[in-house]
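All remarks here apply to the structure that follows.
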Amino acid sequence: MGEITVGLDQPYYGASGAVSSSFGKNVVGLNGRAFLVDSTGGRYNRRSIPVVQQRNTSDQRDILLLPQDIWRQSISSWHYGAGQANQDRDEAFPERFLDSFGVDPWTRYQISLLPATEQLGGSSVTYTGDVFLTLCDDKLVVVNDDDVYIYTTLSDTATPTTTATPDSGNAIIDIAKEGYVITTLHADGKIYKTTSAGTSTLFQTLSGATSLEYVKDYLIVGDANVLKDATGSGTPTTIYTHPDTNYRWVDYTPGQSAIYALGGIGNRYQVHRITIQEDGTAFSTAIVAATLPDGEVGYSIGEYLGFIFIGTNNGIRMASMNSDGSLTLGPKIPTAQPVHCFEGEDRFVWYGNSDIDPKYAALGNEVLPTGVVCGLGRMDLTEFTVGSLSPAYANDLFTSNETGKVVKSVMTFSDKRVFSVNGGGVYFESTNKVPSGWLTQGKMSFSVEDLKAALYMQANWEPGCQGKLYLDIAFDTAGFARYATLDVLSTNNRSDNLALRGTQFSVLDLRFVLDRCSTDATDGPQITRWEFRSSPIKGSASRWEVPIMNYEEIEIDGVKYTRDPTAELEFLMNLVESGTVFTYQESGRSYQVHARDFIWQPEKLSAGNKGWEGTYTMVLEEVR
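Sequential numbering from -9 applies to the sequence shown in this note's numbering.
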């Protein structure tokens, strides 16, 4: 038997982490210290534990109706609109999605195809330059170049019932939208009023005028940097002169107790409020009600249901009116191109969307544009997402005939949305549905980024005509691939379970593609629900129960060593109580572990009654 020269305090591993001890198999390393294991009686054991045990979800979306370890994701409504990149984050709205094209999400518990559009007067009726729309005597008015065209019906064969040229040779640069007459501002500064019968009368001449609008029965004109009241037939009166001579007024809208004027210079734009004196004879001076963030250039302003909407070079700001007339701006709804127009009807506000990207490569027979198109977006003022000024929104009507052009105006006529495209045509809602449309759900990880195995999916719909539903999936960084082609018939309302054959993924995105009915162009599928199921790829880690012999005198490989059992007990207790991750070594291998639990079984006092000796069983779990 060997003689004791030093205590058992040598490091159990070298700098590289490799086991360097010459001790036998009954010796283990705990955070660099060697300990003797009691290998008798079957007390030492090692077993497997699953790596993934539960989802990191803070809500109760997963009702426990599933077999253990089967996860599901399901959606049955999309009415909170677009703009949500991740579907299952804690702050996500279950009824919101990423993006859509040609799809109507606004009816709760279903998505369907939007109406197609037709060109007013047919494809041969196109215009050069700005194309304005307004209403007069329940007629639709199209204003372009120096001409005014008045329509009584919407069709692809319609012709104007009246045509007028108020100021021949001088293009119209702005109009006052609505009224009993058509008020036009021309490039030479002349303002004309034209009746629905086509009779035009010169009303005012303002050489520097660039914009005008009827607001609260007043004709407000932007004449260079000067705001003027041109309501009467006499000389216009000055309301406010901006101190910067380069400042230009853009657009105007009524508020609850004020008129709001949008203007600016460079990339700094503001909204001024103007109040009317109680007797209606004069205006107060203009006061800044809101300032747009730097870089946001104002193009249009409108009012609907007590809210103000500001169209900028890259989106829309919804604003609320405060008691003092100032405006509180909401978050930006992004667009790729400037927003020139708004139209409110019922609970919705439509806006010009000059750059709608289909973002789609056909995987079947679906009919979709291959490039950017012009159209409208839509906001729902009854549903809000991240605040009271963040309405739900989505892409809406579009025309495939125009690309790279500006949507200038939008109106409601004969209960249909009508929009004009600069340098193009005028388009209106058709009774037909678009041939195809799609909706992308947004990324889903099942609230855990670990690997999962895709099991199956299914979809539900309202029984209807003979349309089609395609289900596309993008797993992780791969693009969308088609996993199902389903016939939407009057005889069924759901798919079978569509097997996904255990495809492994961390994150996925799902896309619905709808084709309208093959026998009726006015009808299309109404999708009501989808469900996706997966199971976690658990993998395995190790769990040990290690009985450590904590004695004053121990024998390893025939050599006796001495230790202070009280100090060693404190060392072991600290590993458990601190929760630290440390290295566990046995049989020539190293593992990163937590000490999850312990059992201390004291047997006797050490020599001199300095502390207890016994067996300290540690419960270790591998960190993987």
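Glycine included, C-beta positions come from ideal geometry on N, C-alpha and C.
Can you give me the Cβ contacts of GLY288 inside the same chain, cut-off strictly under 7 Å, excluding the 5 residues immediately before and after it? VAL240, LEU252, GLY254, TYR259, LEU282, ILE300, THR302
Helix, strand or coil: which one does DSSP assign to ALA382? strand
For SER568, name the three-state secondary structure that DSSP assigns. helix
Are PHE418 and VAL411 closer than 7 Å when you measure CB to CB? no
In DSSP terms, what ASN76 is bridged to: LYS433
When you compare the stretch 438 to 450 with the stretch 518 to 527, are there three or more beta-carbon pairs, one atom per stretch, that lie closer than 8 Å? yes
What is the DSSP secondary structure of THR402, counted as helix, strand or coil? strand
Compare the Cα-Cα distances from PRO453 to each of SER114, ILE249, ILE517, THR607 and report the closest residue. ILE517
Give me the Cα-Cα distance between ASP554 and MET539, rounded to the nearest whole angstrom. 12 Å
Since I believe TYR230 is in contact with ILE264 (beta carbons under 8 Å), could you give me their beta-carbon distance rounded to a whole number of angstroms? 7 Å
With 16 other Cβ atoms within 10 Å as the buried cut-off, status of ASN599: exposed
Is it true that the CB of GLY415 sits closer than 7 Å to the CB of LYS395? no
Which residue wins for smallest C-alpha separation from ALA280, given the options VAL261, THR271, GLY292, GLY469? VAL261
Kindly indicate the opening and closing residues of the beta strand (DSSP E) around GLY365. 363 to 374
Decide if ASP157 is buried, meaning its Cβ has at least 16 other Cβ atoms within 10 Å, or exposed. buried
Assigned secondary structure, LEU562 (DSSP; H/G/I helix, E/B strand, else coil): helix
Distance, SER344 Cα to ASP486 Cα: 40 Å
Does DSSP put PRO156 in a helix, a strand or coil? coil
Straight-line gap, CYS507 to ALA351 (C-alpha atoms, nearest Å): 21 Å
For PRO555, name the three-state secondary structure that DSSP assigns. helix
Could you check where the beta strand (DSSP E) with SER310 kicks off and where it finishes? 305 to 311
Kindly indicate if chain B contains any beta-carbon less than 7 Å away from that of PRO283. Considering every chain present, this structure includes no chain B. It has just one protein chain.
Reduced DSSP category for ASN540 - H, G, I as helix; E, B as strand; rest coil: strand
Return helix, strand or coil for GLY604, following the three-state DSSP convention. strand
Output the distance between the C-alpha atoms of PHE388 and ASN483, rounded to the nearest integer angstrom. 29 Å
Straight-line Cα distance separating LYS129 from ILE266: 31 Å
Whose CA, out of GLY334, SER399, VAL41, lies closest to the CA of MET369? GLY334
Would you call the CB atoms of THR227 and ASP234 closer than 7 Å? no
How would you call ARG501, buried or exposed, if buried means at least 16 neighbouring beta carbons within 10 angstroms? buried
CA-to-CA distance, ASN422 to LEU353, given in whole angstroms: 24 Å
Could you give the distance in angstroms between the alpha-carbon of SER67 and the alpha-carbon of ALA443? 25 Å
Measure the Cβ-Cβ separation of LEU459 and PRO515 and say whether it is below 7 Å. yes
How would you label TYR170, buried or exposed, when you count the other beta carbons within 10 angstroms and need 16 or more for buried? exposed
Applying the criterion that 16 or more other CB atoms from any shown protein chain within 10 Å of the CB defines a buried residue, is ILE53 buried or exposed? Because ILE53 carries a pLDDT of 43, less than 50, the predicted location of this residue cannot be relied on, and the following value inherits that uncertainty. ILE53 is exposed by the Cβ-count criterion.
Nearest-angstrom Cα distance between ASP587 and THR605? 14 Å
Compare the beta carbon distance of GLY432 and GLN77 with 7 Å and say whether it is the shorter of the two. yes
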